[in-house]
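When we follow our numbering, the leftmost residue of the sequence shown carries the number 40, and every step to the right adds one. Note that CB positions come from ideal geometry on N, CA and C, so glycine has one too. See below for the structure under consideration.
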Amino acid sequence: MTQSLDGAAVAAMLRSAVEAVIANEPALTRADQATGDGDHGIGMARGGKAAVAALDKLGAAATPKSAFIAVGRAILAGTGGAAGAVFGTFFQATGNAIAADSVDRESLAFAFDAGAKAVMARGKAKPGDKTMLDALFPAIESLQQGDTADFAVLGQRAAAAAKQGAEATATMVATMGRAKMLGQRAIGHADPGALSVSFMFEGMANALAGPGR
Ligand code: ADP
Ligand code: MG
C-alpha cells in the first residue's frame, strides 16, 4: 500500500496526467468545437508535451513542489489561451502549497485545494459555471475523505469523481469563457477543460495503481 509519494512518484504521476491529455487530444478538440473555438485539444497537447520535457529536465532532482511548479510553468507557456492560464495557475499554486519532500493524502488534498482556489481567485469562476472547476472540486473532495490513505484507492476514486463532474457540466450553462456566448446551446455538451481534468486524474490514477506501487 502506498501512503506517501516522494518527488519521483509525484513526477511520474504528473507525467501520466499530461500523457493522458496528449492521448485524448481528439476528444478535447471535439469538445471545444462544440462549445468554444476548437483549440483546447491542440493547446493542452502542446502544453502537455512541454510539461513532459520539463519533467525530463528535472529528472531525479524532482521534489513534489518542483515537479508541480515545472508542469505549471510549462502549461502556462506551452498551452496559451484561457486554459494555459487556468491549468498553469492550478499546477503552480498546488506546488507552492507543498513544502515537504513527500505528500500523503492530506497534504496532497490541501495543496490541490489551494491550487483550485488560486484558479478561482484568478479567473473569477465558481463551481457550477461550467468550467474545469466542476471536475476539479469533486476530485479534491474525494481526496479529502479520510477513510483510506492508500493512493491506489484514492487515485481511482478521484478519477471517478472527476469523470462524473465533467459529465455533469453537460447539463450546465456557461457563465465564463467562450462557451458563455452559446448560452443554452451549450447544454448537452461537456466543458472541454473539465474533460481535461478528468483525463488528468485518470492518468494520475493509472500511475498510482501501476506496477511497483
Ligand atoms: P480558450 O477559451 O482561450 O479558447 P481553451 O479552449 O484552451 O481556451 O480552454 C477553455 C477551457 O478553459 C474551458 O473549457 C474552461 O474549462 C476553462 N476556463 C476558461 N475560463 C475559465 C475561468 N475563468 N476559470 C476556470 N476555468 C476556465
Ligand atoms: Mg478554446
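Near the ligand ADP: residue i beta-carbon under 7 Å from a heavy atom
i: D230; result: yes
i: R217; result: yes
i: D143; result: no
i: V125; result: yes
i: D71; result: yes
i: A56; result: no
i: V60; result: no
i: G227; result: no
i: M171; result: yes
i: K202; result: no
i: A233; result: yes
Cβ neighbours of residue i in the same chain (closer than 8 Å, five flanking residues each side left out)
i: A155; result: F129, L172, L175, F176, I179
Residue i: CB within 7 Å of a non-hydrogen atom of the ligand MG
i: D76; result: yes
i: D168; result: no
i: G120; result: yes
Neighbourhood of residue i by C-beta distance below 6 Å, restricted to the same chain and skipping five residues each side
i: D5; result: The structure shown does not extend to residue 5, since the chain is modelled only from 40 to 252, so the question has no answer here.
i: A201; result: A174, A178, V236, S237, F240
i: A213; result: K169, K219, A225
i: A157; result: T128, A132
i: S181; result: R196, A197, A200
i: A205; result: A174, A229, A233, L234, S237
Residues near residue i by beta carbon distance below 7 Å, same chain, minus five either side
i: A73; result: H228
i: G194; result: M243, A244, L247, A248
i: A121; result: G216
i: S141; result: S43, L44, D45, P103
i: R69; result: none
i: A51; result: A246
i: R54; result: V91, L94
Outcome for residue i when other beta-carbon atoms lying within 10 angstroms are tallied against a minimum of 16
i: P231; result: buried
i: D78; result: buried
i: M220; result: exposed
i: Q131; result: buried
i: A93; result: buried
i: G185; result: exposed
i: D71; result: buried
i: G87; result: buried
i: G145; result: Residue identity check: residue 145 is Glu in the sequence provided, not Gly. Its Cβ having fewer than 16 others within 10 Å, E145 is exposed.
i: G134; result: buried
i: A138; result: exposed
Simplified DSSP assignment, three categories, for residue i
i: S141; result: strand
i: D45; result: strand
i: P65; result: helix
i: I226; result: coil
i: G194; result: helix
i: Q184; result: coil
i: M255; result: What the structure shows of the chain is the stretch from 40 to 252, and residue 255 is not part of that stretch, so it cannot be assessed.
i: R252; result: Legend: pLDDT at R252 = 49, less than 50; position of this residue unreliable, no value from coordinates given.
i: V212; result: coil
Assumed close pair residue i, residue j - CB separation to whole angstroms, cut-off 8 Å
i: T118; j: M83; result: 6 Å
i: R161; j: A124; result: 7 Å
i: A150; j: I114; result: Not quite, the Cβ-Cβ distance comes to about 16 Å (not below 8 Å), so this is no contact.
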